[in-house]
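Numbering (this note's numbering), first residue to last: 1230 to 1536.
Okay, structure coming up:
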């Protein structure tokens, strides 16, 4: 059955999709197929995915429900189901533009205020705790990093000041001990924040969600959001910490996770999107330069501002 046939079948079978217009959403790094349905009953986002991902999508569907109870603006889960070929997840569609685009036309104060809102939303997400049966963040993250480092060494790709990066990680990795297992969006950045009327209308894309140290959710701040808006980034930090300055321990963990991300990013992009390795390398190098290759735990763009 072709995608067009699948869509027509769903329009017939699902009452809320009857007589809807359909547009493909072709954005992001995911291999899933996504379509926006606009009908008399509202707007919906359909994700068509491989059956092997069904359990993960079902888990994501449940997490969205939990986010709503916490007061986090997310896509409302409508339905998840499968047939013999694909899995399907339907959620509400959040109208607006992503912050990556919207922030460009806003004043620095406006960008900062959106960052404040984002930090507060992230703090709400971090109220959700993992099961006590989950292995420690330290054990899981240390093991994952070791595998990334081993794979990185086999790629033949060299980061600038490679040994300095490895030494920084080895010298600070024990900081992860006793860190909590908290919900992680794990892809929290301006591209996954939807704005409407200069306010956050929703947080999207929970595909990478995980459990562990909540500070790890700031990694995309320095690797993605920083490229769009520094005032937003500063605002996100201030909003998260209730308009107070984070302590030195936060910055040590922030730097450690960004340093680890330098290696894992290259491995991940080489594995799934090899044509974008040069783009990823440029972003990683910019991030490391922000920290003077981790001689500085605070990035050079960060400063305390009063807006």
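Each residue gets a CB set at the ideal place from its N, CA and C atoms; glycine is no exception.
Inter-residue Cα distance where the pair is residue i and residue j
i            : j            : result
residue 1278 : residue 1450 : 28 angstroms
residue 1443 : residue 1359 : 11 angstroms
residue 1379 : residue 1366 : 20 angstroms
residue 1388 : residue 1510 : 8 angstroms
residue 1368 : residue 1483 : 18 angstroms
residue 1337 : residue 1344 : 10 angstroms
residue 1241 : residue 1289 : 26 angstroms
residue 1413 : residue 1469 : 14 angstroms
residue 1356 : residue 1467 : 18 angstroms
residue 1244 : residue 1439 : 34 angstroms
residue 1261 : residue 1370 : 27 angstroms
residue 1311 : residue 1405 : 39 angstroms
residue 1384 : residue 1502 : 14 angstroms
residue 1363 : residue 1460 : 36 angstroms
residue 1393 : residue 1256 : 35 angstroms
residue 1476 : residue 1526 : 11 angstroms
residue 1454 : residue 1462 : 7 angstroms
residue 1531 : residue 1410 : 27 angstroms
residue 1285 : residue 1269 : 30 angstroms
residue 1235 : residue 1299 : 35 angstroms
Residue i classed as buried or exposed, judged by whether at least 16 other C-beta atoms fall within 10 angstroms
i            : result
residue 1329 : buried
residue 1230 : exposed
residue 1375 : exposed
residue 1428 : exposed
residue 1172 : Absent from the model: residue 1172. The displayed extent of the chain is 1230 to 1536, so no value can be given.
residue 1400 : exposed
residue 1233 : exposed
residue 1291 : exposed
6 angstroms CB neighbourhood of residue i in its chain, flanking five on each side removed
i            : result
residue 1544 : The question about residue 1544 has no answer, for the chain in this structure spans 1230 to 1536.
residue 1377 : 1492, 1493, 1496
residue 1408 : 1366, 1442
residue 1267 : 1249, 1250
residue 1308 : 1319
residue 1239 : 1246
residue 1402 : none
Near the ligand GTP: residue i beta-carbon under 6 angstroms from a heavy atom
i            : result
residue 1393 : As for the ligand GTP, it is missing from this structure, which has no ligand bound.
Test item: CB-CB of residue i and residue j under 7 angstroms
i            : j            : result
residue 1287 : residue 1303 : no
residue 1452 : residue 1419 : no
residue 1320 : residue 1353 : no
residue 1283 : residue 1325 : no
residue 1265 : residue 1247 : no
residue 1323 : residue 1431 : yes
residue 1488 : residue 1417 : no
residue 1273 : residue 1464 : no
residue 1486 : residue 1513 : no
Cut-off 7 angstroms between Cβ atoms - residues of its own chain near residue i, not counting five sequence neighbours on either side
i            : result
residue 1259 : 1436
residue 1479 : 1444
residue 1498 : 1505, 1506, 1509
residue 1331 : 1424
residue 1295 : 1357
Neighbourhood of residue i by C-beta, 8 angstroms cutoff - its chain only, sequence neighbours within 5 removed
i            : result
residue 1390 : 1517, 1522
Length-filtered (4 minimum) alpha helix (DSSP H) runs lying within the segment 1467 to 1503: 1477 to 1501
Start-end ranges of the beta strand (DSSP E) lying completely within the segment 1350 to 1430, minimum 3 residues: 1411 to 1413, 1422 to 1425
Complete runs of the beta strand (DSSP E) confined to the segment 1255 to 1339 [at least 3 residues]: 1262 to 1268, 1271 to 1279, 1306 to 1311, 1315 to 1321
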